[in-house]
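If you read the protein sequences in the order shown, they are chains A and B. Quick note: the first sequence, position 164, residue 166 per our numbering, numbers continuous. Quick note: the second sequence, position 69, residue 71 per our numbering, numbers continuous. Virtual Cβ for every residue (Gly too), placed ideally from N, Cα, C.
Number of protein chains: 2
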Amino acid sequence: MTGQISVIGLGPGDPRYLTPEAKMALEAADAIYGYGPYLDRVPARPGQRRHASDNREERARADMALQHAASGARVAVVSGGDPGVFAMAAAVCEAIEAGPESWRSLDVTIIPGVTAMLAVAARIGAPLGHDFCAISLSDNLKPWDLVVRRLNVAAEAGFVIALYNAVSKARPWQFGQAIENLRRALPPSTPVIFGHAVGRADERVTVTTLDDAGSQQADMATLVIIGSRETRVIARPGRSPLVYTPRAVAEVSA
Amino acid sequence: MTGQISVIGLGPGDPRYLTPEAKMALEAADAIYGYGPYLDRVPARPGQRRHASDNREERARADMALQHAASGARVAVVSGGDPGVFAMAAAVCEAIEAGPESWRSLDVTIIPGVTAMLAVAARIGAPLGHDFCAISLSDNLKPWDLVVRRLNVAAEAGFVIALYNAVSKARPWQFGQAIENLRRALPPSTPVIFGHAVGRADERVTVTTLDDAGSQQADMATLVIIGSRETRVIARPGRSPLVYTPRAVAEVSA
């Protein structure tokens with residue numbers, strides 16, 4: 003029997019975001035691999051084995067899951083959000099390329115999900131309504147100079163910027179530096195959105211300006227969206243503001 | 003009674019992508035507004051009214067839906083994919099900002115969905131596994147010079163590029179020009195993915211190179227992903243290749 007591996011996006015936390023496709027794939031799996039808190043979101047099924055590992059062990063987890071699948075099992079690997087955005091799908095592909103030839107014969111399925119930036123954007127309006135980019139702020143996997151260069155060109159060219167991995171215990175200063183850089187490229191009034199744990203019980207979404215944004219507003223569970231020069235805030239009486247980026251740009255503003 | 007408007011992402015076509023949250027919001031609506039082919043995906047419910055309009059009438063559709071909601075109804079507006087990505091959520095926000103003050107009191111909910119680039123990426127591996135951007139190639143809403151500038155800076159800075167609205171009947175030459183520009187910034191062997199109608203019966207995903215990419219491979223239902231210098235293709239015996247962008251960049255390559 004040919005082994006199967008599916009890499010499944012769970013969406014941003016609550017079961018209301020889990021697609022029927024992802025649900026079916028989870029139910030069909032003989033074993034599930036993932037970061038512990040993600041595994042905890044998946045309802046238990048008798049006979050289905052679970053293999054929890056630490057957040058930073060993506061490549062080792064991919065190797066283990068592929069080895070298991072190569073024995074003929076149906077193996078699932080789970081990611082929060084979408085598995086293709088700074089998550090397990092790339093780790094599994096890296097492992098297949100570097101691994102034994104037999105892993106290339108496995109049946110590989112990637113199952114997309116609602117990634118964090120879409121969920122945060124939806125909570126506040128439509129900040130990603132025009133051209134945008136997604137940048138991981140982690141310099142574990144790329145030089146910090148490259149992160150800064152990408153932030154600068156994206157801001158100058160008018161992209162809205164979604165920042166993944168903005169802050170972690172091991173990376174306390176990077177987000178502050180990123181904001182400082184962006185202040186040179188964008189007006190102080192540029193809207194900045196902090197989306198903490200969107201889709202979970204402790205969800206908290208706040209809107210501030212680039213001038214007022216600071217590291218203390220972000221933690222490991224926060225996705226940050228930095229507006230462009232075009233991004234607007236609509237005040238609403240008795241309701242939270244709507245933040246959106248218009249579909250049209252009349253003139254080149256930078 | 004306060005009127006309600008929800009802007010709902012249907013995902014990439016098949017019901018297996020529709021989140022439970024979106025399904026519930028569709029069922030609760032008194033009336034649904036949208037582009038005809040998107041409305042056709044929503045199962046009919048007795049007593050629920052439908053208002054189909056043309057693809058290019060986003061703003062007029064938003065105005066009508068808001069006016070209807072302001073009368074106290076529960077109104078839904080549907081988008082394919084995610085409503086926040088080049089779709090109806092920004093159009094609704096624009097309409098609220100420009101419309102009567104009373105529209106600011108409406109209960110507005112945006113319900114995210116799996117956007118096309120995530121679905122196409124999932125079909126082929128993990129091309130969006132590293133920093134990436136999403137650009138609408140339509141110059142109906144921004145100057146073509148700005149599109150070209152964004153393509154160039156994104157490619158040079160190492161972003162993978164997802165192109166929405168690559169081709170339409172009214173815009174036949176833009177995609178060819180975009181590819182020509184990108185050939186100056188990226189190697190000829192850069193992987194290019196054409197994802198046609200992903201999630202629908204006529205789905206077709208092909209992988210080629212920047213050198214071989216051409217307008218004839220794209221139509222109105224095609225999302226295109228242009229790799230970065232880091233994007234890799236894994237050949238697999240008897241299976242389609244996997245295309246992915248590694249999570250790590252060792253050195254600044256541009």
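Checklist line | Closest by C-alpha distance to Pro-239(B), when choosing among Val-9(A), Arg-47(A), Pro-39(A) and Glu-99(A) | finding: With distances taken between Cα atoms, Pro-239(B) lies closest to Glu-99(A).
Item checked: Proximity test, Cβ basis, 9 Å: Phe-196(A) and chain B -> With a threshold of 9 Å between beta carbons, Phe-196(A) makes no contact with chain B.
Item checked: With 16 other Cβ atoms within 10 Å as the buried cut-off, status of Met-119(B) -> Answer is buried; the Cβ neighbour count reaches 16.
Item checked: Simplified DSSP assignment, three categories, for Gly-86(B) -> Reduced to three states, the DSSP call for Gly-86(B) is coil.
Margin query: Less than 9 Å between the beta carbons of Thr-211(B) and Thr-192(B), yes or no?
Written below: Yes, the Cβ-Cβ distance between Thr-211(B) and Thr-192(B) is below 9 Å.
Checklist line | Any C-beta of chain B under 9 Å from that of Ser-138(A) | finding: Judged by the 9 Å Cβ criterion, Ser-138(A) is in contact with chain B.
Next item on the list: Return yes when the Cβ of Ile-163(B) is within less than 9 Å of the Cβ of Ala-136(B), no when it is not.
Entry: In contact: Ala-136(B) and Ile-163(B) (Cβ atoms closer than 9 Å).
Next item on the list: Go through its chain and collect everything with a Cβ distance to Asn-57(B)'s Cβ below 8 Å, but skip five positions before and after it.
Entry: Once the five neighbours on either side are set aside, the close Cβ partners of Asn-57(B) are Tyr-37.
Notebook entry, point to check: Can you list the beta strand (DSSP E) stretches of 3 or more residues lying completely in the stretch 40–85 of chain A, in chain order?
Noted result: Whole beta strand (DSSP E) segments, 3+ residues: 51–55 and 76–81.
Next item on the list: Tell me, please, whether the CB atom of Thr-208(A) is closer than 9 Å to any CB atom in chain B?
Entry: Not an interface residue.
Check: So, is Asp-204(A) buried or exposed, given that buried needs 16 or more other C-beta atoms within 10 angstroms?
Finding: Looking at its Cβ environment, which holds fewer than 16 other Cβ atoms inside 10 Å, Asp-204(A) is exposed.
Next item on the list: Within its chain, find whatever has a CB closer than 8 Å to the CB of Gly-305(A); leave out the 5 residues flanking it on each side and keep chain order.
Entry: Absent from the model: residue 305(A). The displayed extent of chain A is 3 to 256, so no value can be given.
Next item on the list: Name the two residues that bound the continuous beta strand (DSSP E) containing Leu-165(A).
Entry: Segment 162–166, the beta strand (DSSP E) holding Leu-165(A).
Checklist line | Cβ pair count under 8 Å reaching 3, the stretch 213–222 of chain A against the stretch 140–149 of chain A | finding: The stretch 213–222 of chain A is not in contact with the stretch 140–149 of chain A.
Checklist line | Host beta strand (DSSP E) of Gln-219(B) (start-end) | finding: Run containing Gln-219(B): none; DSSP gives neither H nor E here.
Notebook entry, point to check: Is Ser-55(B) close to chain A, meaning its C-beta is less than 9 Å from at least one C-beta of that chain?
Noted result: Closer than 9 Å: no.
Item checked: Buried or exposed by the 16-neighbour rule on C-beta atoms within 10 Å, applied to Ala-223(A) -> It is buried - the Cβ of Ala-223(A) has at least 16 other Cβ atoms within 10 Å.
Note to self: List, in chain order, every chain A residue whose beta-carbon is nearer than 9 Å to that of Pro-193(B).
What the structure shows: Result: empty, since nearest Cβ-Cβ is about 12 Å, beyond 9 Å.
Notebook entry, point to check: Between Gly-74(A) and chain B, is there a C-beta pair that is closer than 9 Å?
Noted result: Any Cβ of chain B closer than 9 Å to the Cβ of Gly-74(A) would place that residue at the interface, and such an atom is absent.
Checklist line | Beta carbon proximity, Ser-170(B) to chain D, threshold 9 Å | finding: Protein chains in the displayed structure are A and B, and chain D is not among them.
Next item on the list: Answer yes if the stretch 27–47 of chain A comes into contact with the stretch 75–87 of chain A, meaning at least three C-beta pairs across the two stretches below 8 Å, and no otherwise.
Entry: Touching, yes, given that three or more Cβ pairs across the two stretches are closer than 8 Å.
Item checked: alpha helix (DSSP H) segments (min. 4 residues) lying fully within the stretch 120–166 of chain B -> Within the stretch 120–166 of chain B, the alpha helix (DSSP H) runs of at least 4 residues that lie entirely inside it are, in chain order, 146–158.
Next item on the list: Using the Cα positions of Ile-236(A) and His-198(A), report the straight-line distance between them to the nearest angstrom.
Entry: Each residue's alpha carbon lies about 21 Å from the other.
Notebook entry, point to check: Under 9 Å, do Arg-151(B) and Ala-159(A) count as touching if we go by C-beta distance?
Noted result: Yes, these two residues count as a Cβ contact at 9 Å.
Item checked: Contact set between Arg-18(A) and chain B, taken where Cβ atoms lie within less than 8 Å -> Within 8 Å Cβ-Cβ: Thr-21, Pro-22, Glu-23 and Met-26.
Next item on the list: Could you confirm whether any beta carbon from chain B is found closer than 9 Å to the beta carbon of Ala-40(A)?
Entry: Reading the sequence as shown, one finds Tyr at residue 40(A) and not Ala. Not closer than 9 Å to any Cβ of chain B, the Cβ of Tyr-40(A) fails to qualify, so no.
Next item on the list: Can you pull the chain A residues whose beta carbon is under 8 Å from the beta carbon of Arg-238(B), in chain order?
Entry: Correct list: Arg-106 and Ser-107.
Notebook entry, point to check: How many angstroms separate the CA atom of Arg-173(B) from the CA atom of Val-226(B)?
Noted result: CA-CA distance, Arg-173(B) to Val-226(B), rounds to 15 Å.
Margin query: Tell me the rounded alpha-carbon separation between Gly-74(A) and Pro-17(B).
Written below: Here the C-alpha atom of Gly-74(A) lies approximately 30 Å from the C-alpha atom of Pro-17(B).
Check: What is the rounded straight-line gap between the Cα of Gly-127(B) and the Cα of Ala-168(A)?
Finding: The straight-line gap separating the alpha-carbon atoms of Gly-127(B) and Ala-168(A) is approximately 25 Å.
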